[in-house]
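Peer 1: Quick one: the structure is below, and I'll ask about it shortly.
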Amino acid sequence: MDGDRRIATGQTTVSTSSTLLNEDFTIDNVSKSYDASSVEQRHDQQDQSVAADGGDDDEDVTENVIREATAGNADLTRTMSVHYIEGPKLYALMGSLTSIFFLVMLDVSIVSTAVPDITSEFNSLADVGWYGTAYLLACASLQPLAGKVYSNFRSKNIYLGCFFVFEVGSLICGVATSSNMLIIGRAIAGIGSSGLMNGGLTILSASMPLHKRPKYFGIMMGLAQMGTICGPIIGGAFTTYVTWRWCFYINLPVGGVAGAILLFFISVPETVKPRTETVTKIILTKLDLIGFVLFAPAAIQVFLALEWGGNKYHWYSATIIGLFCGAGGTAILFGIWEYFQGDKAMAPFSILRLRTVWTSVFAMFLFFGCLQIASYYLPIYFQTVRNASPMMSGVWMLPNVLSQLVATVASGTLVGRMGYYLPWMVAGGSLSSISLGLISTWNPTTSIGKRIGYQILLGFSRGLSMQMPLIAVQNSIHPKFVPVSMALVSFGQTFGGAVFLSICETILSNQLSIDLPKYAPGVDVASIIAAGGSGSAVRAAVGNNPTQLAETLVAYAKSVNAVFWFGAAAAALCACVACGMGWKDIRKKEAPPKPAQEDPEKGLAVATSTANSEQATDVEAEVVKAEKSEEKV
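Start counting the sequence shown at 1; every next residue gets the next number (UniProt numbering).
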């Protein structure tokens, strides 16, 4: 742009500090007289079309603006600085985020073993489904909105606010004096948790360079996802030896320490530029509240239909059909609204239509659904068929837990070194399908070697692919849209888990209705189904008849196997869907900075280099060249 042109209001001199596309260093102190109105107009136009050509062809809008601002002065130099957290403060940040994420995952499954005691104390058997559904409903319906919030406000403040709400909900659950109070507390905790996963990933992304993220994501995801698997163990221990209320109290001391570290000791690098508008104006104009009002009822109606269908109401009842129709109609209105909102939408179409994004969301939907199947139905097998206690069923799942942890950390490290995430996702989905298929062959007399070996394969396969959709999204779109995209992937995770559990509950009930009369003709089918997954309740329903008990256990094992068949099919589909995530080398995105200089007061690593505008153009050219080559693939 010609530096002599001026806008009508006079000469404008700016100092630009922006982030290059997927290159985690900032360009500071670029001062140049230029036509600000023209550049800003082009910047807005490019923002609206930044994702128009697919996940592998995103344009570096920020660098284009910088180049225009510095064009015409070949001698202009600029300082490119990156501020990352490192050393003890990085480890403290990792520990805090991982602890909070672990508590969020723990809250999903810890209630399962406490339900019998809760229903006995409150005499609330009819409310059993709501203890889990209230949490998932609130979490899933708010996750897309949370992405918009993180795109417009400081991530640390929003994250701590969400965590405070989560802690308040946990406290209400712990001191609950009625079933309704417990359900309200679960809903409040779900509201808080809606912004914790994508918020934690957003903070971690801003705190370290791109090539380090897979390793640290792997550590965080691997340790945190253990909360889902360890929930029944911890919940069983609290219920047996203390009180079920500690299933919720545990969030307070652990979370309090983690939150205090974040609040007082960690300065999080921010990717959101300073606000020039009031908070009220941002909320009303940029958060797409109308989109949220349309989206939330659609999600809630789907959840209720899946929760009630086949249990409280028949699938063909007017209530269930009405819920599905209402969800479909509301979803259509939501889609129309989002389309006309453009990039201001809660779920922008320019983002959703990217192959990398929608395949990552769908793959996470399938992957986490399969993970929930194993987390919920392996304990049912061990407790019902093998007559293990809640704690011992957790011990029997240790091969699954430990192999998953090792594979998650290893795959994250290897992706950072090798550069490609797609092979790990496809391999993980394929091996997960094989392992779930093998587990579906279990019966009441399956050997210990098969029980351990098949679980090791399952945990290893899940660890390979757990974080890959998140890595794919981060490395395929403009940083401006990362929080929104992360929120969509998080929604796919939560929604997939809830949908799969509802489907599997129906599969198990229907299969028991078929297998019990076939293998145990003298048993009351209704009483066995009503007993749920409790081994003692099933044995009490059968009575003191060893022959009938053996027949019932065979039927129960075969019915649980049907659930694992469904999981095997979904995992195979996940491997196929993952192929759309793109063959991309994430190492090509980062330009090597000069050696870091330590800032002891802030605990930050500051890497600096100088380059003239001609060198800046070379950086952009390399980015565009790499993206065009990926587009051809």
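By construction, the Cβ of each residue, glycine as well, lies at the ideal position given by its N, Cα and C atoms. Bear in mind the structure is a predicted one, so any value in this text is a computation, not a measurement.
(1) To the nearest angstrom, how far is the alpha carbon of Tyr150 from that of Phe265?
(2) Is it right to say Phe164 is buried, meaning 16 or more other beta carbons lie within 10 angstroms of its own, or is it exposed?
(3) Short of 7 Å in beta carbon distance, which residues of its chain neighbour Met468, apart from the five on each side in sequence? Order them along the chain.
(4) The alpha helix (DSSP H) with Gly580 in it runs from where to where?
(5) So does the stretch 249-260 actually touch the stretch 166-178, counting three or more Cβ pairs closer than 8 Å?
(6) What does the alpha-carbon distance come out to for the pair Ile118 and Gly174?
(7) Count the other C-beta atoms from every protein chain shown that fall within 10 angstroms of the C-beta of Val215, then say buried if there are 16 or more, exposed otherwise.
(8) Quick one: complete beta strand (DSSP E) runs, 3+ long, within the stretch 242-271?
(9) Which of the three DSSP states is assigned to Tyr421 in this structure?
(10) Tell me the rounded alpha-carbon separation between Gly309 and Ala138.
(11) Kindly identify the DSSP beta-bridge partner or partners of Tyr313.
(12) Roughly how far, in whole angstroms, is the beta-carbon of Phe303 from the beta-carbon of Thr494, given that I think they are within contact range, below 8 Å?
(13) Checking 7 Å against the spacing of the C-beta atoms, do Ile219 and Met391 come in under that value?
(14) Run the CB neighbour count on Val242, radius 10 Å, all protein chains shown included, and call it buried at 16 or more, exposed below.
(15) Count the other CB atoms within 10 Å of the CB of Leu508; is the residue buried (16 or more) or exposed (fewer)?
(16) Check this for me: beta carbons of Leu438 and Ala570, under 7 Å apart or not?
(17) Is His478 helix, strand or coil by DSSP?
(18) Taking 7 Å as the threshold (C-beta atoms), are Gln143 and Ser403 in contact?
(19) Can you tell me the Cα-Cα spacing of Cys325 and Ile448, whole angstroms?
(20) So within the stretch 115-161, which uninterrupted alpha helix (DSSP H) runs reach at least 4 residues, ignoring any that extend past its ends?
(21) Would you kindly report the start and end of the unbroken alpha helix (DSSP H) that includes Leu103?
(22) How far does the alpha helix (DSSP H) with Asn180 in it extend, from its first residue to its last?
(23) Assuming Cys574 and Ala363 make a contact with CB atoms under 8 Å, what is their CB distance in whole Å?
(24) Which ranges would you report for the alpha helix (DSSP H) in the stretch 373-429 if only whole runs of at least 4 residues count?
(25) How about the stretch 287-296 and the stretch 341-356: do they share at least three Cβ pairs that are nearer than 8 Å?
(26) Give every residue of the same chain whose Cβ lies closer than 8 Å to the Cβ of Val104, excluding the five residues on either side of it in the sequence, and list them in chain order.
(27) What are the complete alpha helix (DSSP H) segments, minimum 4 residues, inside the stretch 531-576?
(28) On a Cα-Cα basis, can you pick out the residue from Ser513, Met397, Leu171 and Ser465 that is closest to His107?
(29) Return the first residue and the last residue of the alpha helix (DSSP H) that Trp337 is part of.
(30) Our contact map puts Gly412 next to Trp337 with C-beta atoms below 8 Å; I'd like the distance itself, whole angstroms only.
(31) In angstroms, rounded to a whole number, what distance separates the CA positions of Val523 and Ala530?
(32) I'd like to confirm the pairing. Which residues does DSSP put opposite Ile351 in its beta bridges?
(33) Alpha carbon to alpha carbon, what distance is there between Ser485 and Ala52?
(34) How big is the Cα-Cα spacing for Ala258 and His314?
(35) Which word fits Lys148, buried or exposed, when buried means at least 16 other C-beta atoms lie within 10 angstroms of its C-beta?
Peer 2: Let me spell this out:
(1) 21 Å
(2) exposed
(3) Tyr421, Trp424 and Met425
(4) Run containing Gly580: none; DSSP gives neither H nor E here.
(5) yes
(6) 11 Å
(7) The sequence shown places Lys at residue 215, rather than the Val named in the question. With 16 or more Cβ atoms within 10 Å of its Cβ, Lys215 is classed as buried.
(8) none
(9) coil
(10) 20 Å
(11) Gly309
(12) Actually they are not in contact, since the Cβ atoms of Phe303 and Thr494 sit about 10 Å apart, beyond 8 Å.
(13) no
(14) exposed
(15) buried
(16) no
(17) coil
(18) no
(19) 47 Å
(20) 115-122 and 128-152
(21) Pro88 to Ser109
(22) Ser179 to Ser193
(23) 5 Å
(24) 390-396 and 398-418
(25) yes
(26) Phe166, Ser193, Leu196, Met197, Ala224 and Gly227
(27) 535-542
(28) Here the sequence assigns Asp to residue 107, which means His is not the residue at that position. Here the closest residue by C-alpha is Leu171.
(29) Ala318 to Gln341
(30) Contact flag wrong, Cβ pair sits at about 38 Å.
(31) 13 Å
(32) Answer is none; Ile351 lacks a bridge partner.
(33) Summary for Ala52: the model assigns pLDDT 39, below 50, so the residue's position carries little reliability, and this model does not support an answer.
(34) 45 Å
(35) buried
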